[in-house]
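To convert, take the position in the sequence shown, counting from 1, and add 211; that gives the numbering used here.
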Amino acid sequence: MRTALAISAALVCSVPLLAQTQFASFTGIVSSKDGNPLPNVDLVATNQATQVAYTAKSNEAGVYTISALPIGTYKVRATAPNFQAYETNPIKLESGQSARVNITMQLGVAENIEVVGVAPILQTQDAVVGEVVSETTIKGMPLNGRNFSQLSLLMPGAISTDPNSFSEPKNFGSGRPNVNGQR
Numbered sequence: 212m213r214t215a216l217a218i219s220a221a222l223v224c225s226v227p228l229l230a231q232t233q234f235a236s237f238t239g240i241v242s243s244k245d246g247n248p249l250p251n252v253d254l255v256a257t258n259q260a261t262q263v264a265y266t267a268k269s270n271e272a273g274v275y276t277i278s279a280l281p282i283g284t285y286k287v288r289a290t291a292p293n294f295q296a297y298e299t300n301p302i303k304l305e306s307g308q309s310a311r312v313n314i315t316m317q318l319g320v321a322e323n324i325e326v327v328g329v330a331p332i333l334q335t336q337d338a339v340v341g342e343v344v345s346e347t348t349i350k351g352m353p354l355n356g357r358n359f360s361q362l363s364l365l366m367p368g369a370i371s372t373d374p375n376s377f378s379e380p381k382n383f384g385s386g387r388p389n390v391n392g393q394r
């Protein structure tokens, strides 16, 4: 009985960990200048720090997805026969982000086009709320008594049910943070 209870508790407690991801992805549509989707376009996302390349091909509707990318800065390059190569500026991907990069290719040969715009970190594929807090931001924060439990309030949607609970570590249990209505 205890074994079954321990296994079921482990399974239930591990479900929230599925939301914790260290990967990101690119998705978008590849089309010609006149708006027609381009199938079988070769796409390569190259990590600018490691020079590791991740590849994909667009499907019949011109849609592509390059997934399971470690966080970092990438350039996306698209090539197809009878079309000019297309390359983006460096795009920074954060944890769990799915960046949308739509590509419009022009007819031509042996010519490279480099886009000068910067893609925003805005995510339009889903309604996930998330934020990445850097180490330097955390080190520079004025925490009362350097109480690490105050950092839990940096998460989007987190509030303290009792603001005085963070004054001493022994009081932390009385004012557990409330995240999106859940304790």
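The C-beta atom is built at its ideal place from N, Cα and C for all residues, glycine as well. Predicted model, so just to flag it, every value in this text is computed and none were measured.
Quick one: residues in its chain with C-beta nearer than 6 Å to the C-beta of G351, no 5 flanking neighbours on either side, listed in chain order? none
Rounding to the nearest angstrom, what Cα-Cα distance links S236 and S309 in this structure? 5 Å
Is the beta carbon of A279 closer than 9 Å to that of D253? no
Considering only the alpha carbon of each residue, which of A289, K303, E305 lies closest to N313? Of the listed residues, the one whose Cα sits closest to N313 is A289.
Do T299 and K286 have their beta-carbon atoms positioned less than 9 Å apart in this structure? yes
Quick one: Cα of S242 to Cα of S363, how far? 44 Å
Measuring CA to CA, which of Q233, T276, V263 is closest to G239? T276
Among V263, N258, A264, G246, the one whose alpha carbon lies nearest that of V274: G246
When you compare only the Cα positions, how much space is there between N270 and L354? Computed Cα separation, rounded: 51 Å.
Let me know the secondary structure DSSP gives E346 once reduced to three states. E346 falls in the helix class under three-state DSSP.
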